[in-house]
């Protein structure tokens, strides 16, 4: 096999060291709230100028994989997602940490990330050209249907369906602020130029989850509640592993498939995976209470996206998400044009990237497991100091993404909103999902109608669209039906005492 | 302090309706641009506003019909904590406002110290030393290691 | 040792421009790139910064301030203190087109043009499954039915150039805006649109792979990468368009600083290694001084104004 020969250079100490450094760096960047994997890759691109293509690209891939993984650390320990991809990990990771099982939650996340990463890497190395075709099937109507399907997660995610729906709709409305994607008309910007692109997503997310948590911490400090300082061992128990097996596999597959579809990304994948794993679970009510399979679902999906997003990039020259778009810049600067020709002109680079993805995932596992005790020490920091440090990180992280001072107000505003929503039973997750999917939904609906000249039938009648629309009806309809059944049963039981 | 969920929902529903009114008013300001299709720039905003309005009405009706249950109570922190939280919010708005004009180092240091005081930290050694260390460490990490520009 | 050589080099260059500028730059020069890191404007500016640091005794730091189609970062650069330490990456969309659409707090008149170091040539390509694959078939098709031409964003340079061509050639097209050029390319390779405007580098890779076919080049003469692809001019349509990459700053810099910076851009743009790196990245490296750069921007503005008027987008957001 010729391709084996291309793998040997990967094991030169220098390249291994670069990948390791990239993965570790990405891990730390991802773990810090407010610093995302995208930022890490973008900031460190200049470092790769002087490197050989395989070395430079693998360093960037290492940062990417490490960064997406690292996001789970602050999600679990602090309830502040380190990257948008890990927002869904908060749901089960934080309650687990609150029960004193932070170590096990982190261990589960590490295992899940590794499994997801490895499965997607295998798919990348074996089926890239075959699967890349999926990416091409997605036009405006397919994206619209996918976004609509994604939004139905809200229905099953929020305890109070009505409030969840309101949160989701608010999220969509909020996501329309800024320049209209189709006509360029400014909407609700009140002539503030800084809002020309709307509320920046990451600062909004940081506010919604991280800053709001600081307010909650203030309440706890005032109530003199003792913080949880117990950290369990890092290996999940045998029964937890057994329960999570299905979620791991399902999450990896969902993450891989969504990763191939360009423009969706790891945030979408982890939410959809969480929802699907919950639906498939025998004990869906345990999700959201600190249940290990919940972590397995989200973390396997978001790391699967990392490798899967490379599939359309390498096979077609189409970046699958923001980070791979930056990686594509990295390829171009090395004088390589990604696309189907790359397999013929530079097989060494392609194989090198395949191999690098595996190596980086393995490094991620080693570093992740080794660092769990170190990360867990964060919980030992006195609560006031920790709370204030998070505030500062929220600010710097929100600012560093776009260097736009307006984003700081966005972050504070969403922080207050997030606290209020949590207090009054409105799901923050619903708002978050709507913020991710709202723009995808709107721009593709409008673009599709533009392209079909307002022919709605033509717009929805492609096989993938119909499939997703059917799934949407099914998954939106089911909780309604189930809820109605439960209510009717409850009413029947109640009706007797009432009639007296 | 305890708030009944029913009452809270009633107020939130009314607040949301008021917000929908405001949003509708602002939506009329959106220009239509050059758009040949039926769905213009204000299509999705109108759709969501209408749906939020409808659901808020449902929320209000549901709140009116709901019976008082002890389990549905929401614990609101006491007046002192609420005041501290409001102060904290203003502190952060102040931080956001001063970040660009006076620069990262002084604004962060001041916010850090004031924030710790608001959170009830009374050990002056910690109040001084920790913010200085943290502020400088973040500054070093971001500007030197990640070459992020800070004002 | 290296440092002293660099110092020597710096003195040599400053001596050439005059002794007065010897005290500039004393601290790092920041260049605001109004797009996210990793895009072509960002990458080329990073190569400029690297070359600058190699040639001169000074530091150049790239600062990404994306948002608003480049308007936010451009505004930051143009409203900065005019001391020569905060400059901007000059891009066509935010400088020429955005102020015409409105909603920006600057105008083209507020721009101090320092120097242009590269042009980004443009090729119109037919997408996968398009019912045409060369210029004549494209124009013929457009006579009956408006082809759907993808662009990288509403009111962006891509949309203006496609519409300006349609105007000059007397055909109608239907512009389909996407969120960034990579989304447009995805739709193009997937056959969801008929045509799009691409850079020669991406068009070459994609046409070799059979994903796109080049229709025409928006230059006066045929270009080396596409010797067999006609220009619009040779087909009898008076239309050329290219995007550009240059260095700009706020108005009101003092004369010496400005002269020093202009000279620096010239030296960078003529550096052998710089030319090679940028050419490899698919840019067309060419140096134009401040005046020529400004004239080019103003000419683009005239073209854009006409197109925007036709699209009812002129001063839309004011």
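Chains as they are written, first to last, in the numbering used here: chain D, 10 to 509; chain G, 899 to 1049; chain U, 73 to 390.
Backbone N, C-alpha and C fix where the C-beta goes; we use that ideal spot for every residue, glycine too.
When the Cα atoms are used, what is the spatial distance from residue i to residue j?
i	j	result
residue 327 of chain U	residue 154 of chain U	11 Å
residue 219 of chain D	residue 90 of chain D	7 Å
residue 128 of chain U	residue 119 of chain U	14 Å
residue 150 of chain D	residue 265 of chain U	13 Å
residue 294 of chain U	residue 237 of chain U	17 Å
residue 291 of chain D	residue 371 of chain D	31 Å
residue 1008 of chain G	residue 196 of chain D	36 Å
residue 139 of chain D	residue 19 of chain D	25 Å
residue 371 of chain U	residue 957 of chain G	58 Å
residue 314 of chain D	residue 211 of chain D	19 Å
residue 132 of chain D	residue 458 of chain D	35 Å
residue 1029 of chain G	residue 353 of chain U	45 Å
Could you confirm whether any beta carbon from chain G is found closer than 7 Å to the beta carbon of residue i?
i	result
residue 334 of chain U	no
residue 85 of chain U	Summary for residue 85 of chain U: the model assigns pLDDT 44, below 50, so the residue's position carries little reliability, and this model does not support an answer.
residue 398 of chain D	yes
residue 386 of chain D	no
residue 93 of chain U	Residue placement at residue 93 of chain U is flagged as unreliable, the pLDDT there being 48, under the threshold of 50; the coordinate-derived value follows with that caveat. No, its Cβ sits nowhere closer than 7 Å to a Cβ of chain G.
residue 497 of chain D	no
residue 425 of chain D	yes
Taking 7 Å as the CB-CB limit, is residue i close to chain D?
i	result
residue 964 of chain G	no
residue 920 of chain G	no
residue 1042 of chain G	no
residue 140 of chain U	yes
residue 372 of chain U	no
residue 383 of chain U	no
residue 929 of chain G	yes
residue 936 of chain G	yes
residue 987 of chain G	yes
residue 950 of chain G	yes
residue 1004 of chain G	no
Residue i bridges to which residues according to DSSP?
i	result
residue 102 of chain U	U/133, U/158
residue 303 of chain U	U/289
residue 220 of chain U	U/246
residue 197 of chain U	U/268, U/286
residue 196 of chain D	D/187
residue 184 of chain U	U/321
residue 316 of chain U	U/191
Please identify the residue among the options whose C-alpha is closest to the C-alpha of residue i.
i	options	result
residue 963 of chain G	G/1031, G/1041, G/908, G/1036	G/908
residue 25 of chain D	D/297, D/366, D/483, D/389	D/366
residue 345 of chain D	U/318, U/278, U/176, U/166	U/278
residue 76 of chain D	D/88, D/96, D/49	D/49
residue 404 of chain D	G/992, G/1021, G/1018	G/992
At least one CB of chain U closer than 7 Å to the CB of residue i: is that the case?
i	result
residue 909 of chain G	no
residue 444 of chain D	no
residue 1047 of chain G	yes
residue 75 of chain D	no
residue 55 of chain D	yes
residue 51 of chain D	yes
The ligand FMN and residue i: does any heavy atom of the ligand fall closer than 6 Å to the residue's C-beta?
i	result
residue 250 of chain D	Inclusion of the ligand FMN in the displayed structure is not the case, the ligand content being empty and no account of it being possible.
Give, in chain order, every residue of the region 195 to 208 of chain D whose Cβ lies closer than 7 Å to some Cβ of chain U.
195, 202, 203, 205, 206
Check each residue of the region 175 to 192 of chain D: if its Cβ is closer than 8 Å to any Cβ of chain G, include it; give the result in chain order.
175, 178, 179, 181, 182, 185, 189, 191, 192
Contact list for the region 134 to 154 of chain D against chain U, Cβ threshold 8 Å
144, 145, 146, 147, 148, 149
Note down, in chain order, all residues in the region 468 to 482 of chain D with a beta-carbon under 8 Å from any beta-carbon belonging to chain G.
none
With 8 Å as the C-beta to C-beta threshold (strictly closer), list the residues of the region 128 to 139 of chain U near chain G in chain order.
133, 135
Could you please tell me which residues of the region 96 to 122 of chain U, in chain order, have their CB closer than 8 Å to any CB of chain G?
102
Looking at chain D, which residues of the region 230 to 257 of chain U have a Cβ within less than 7 Å of any of its Cβ atoms?
248, 249, 251, 254, 255, 257
Return the residues of the region 325 to 351 of chain D that lie within a Cβ-Cβ distance of less than 7 Å from chain U, sorted by chain order.
325, 326, 327, 328, 334, 335, 338, 341, 342, 344, 346, 348, 349, 350
Residues from the region 240 to 274 of chain D in contact with chain G, defined by Cβ distance under 8 Å:
none
The region 404 to 417 of chain D: positions lying closer than 8 Å to chain G by Cβ:
404, 405, 408, 409, 412, 414, 417
Would you list, in chain order, the members of the region 988 to 999 of chain G that have their beta-carbon closer than 7 Å to a beta-carbon of chain D?
990, 991, 993, 994, 997, 998
Report the residues of the region 332 to 358 of chain U with a CB closer than 9 Å to any CB of chain D, ordered along the chain.
349, 352, 353, 354
Between the region 227 to 241 of chain D and chain G, which residues of the former have a C-beta closer than 9 Å to a C-beta of the latter?
227, 228, 230, 231, 232
Below 7 Å between beta carbons is the criterion; list the residues of the region 149 to 180 of chain U that meet it against any residue of chain D, in chain order.
173, 175, 176, 177
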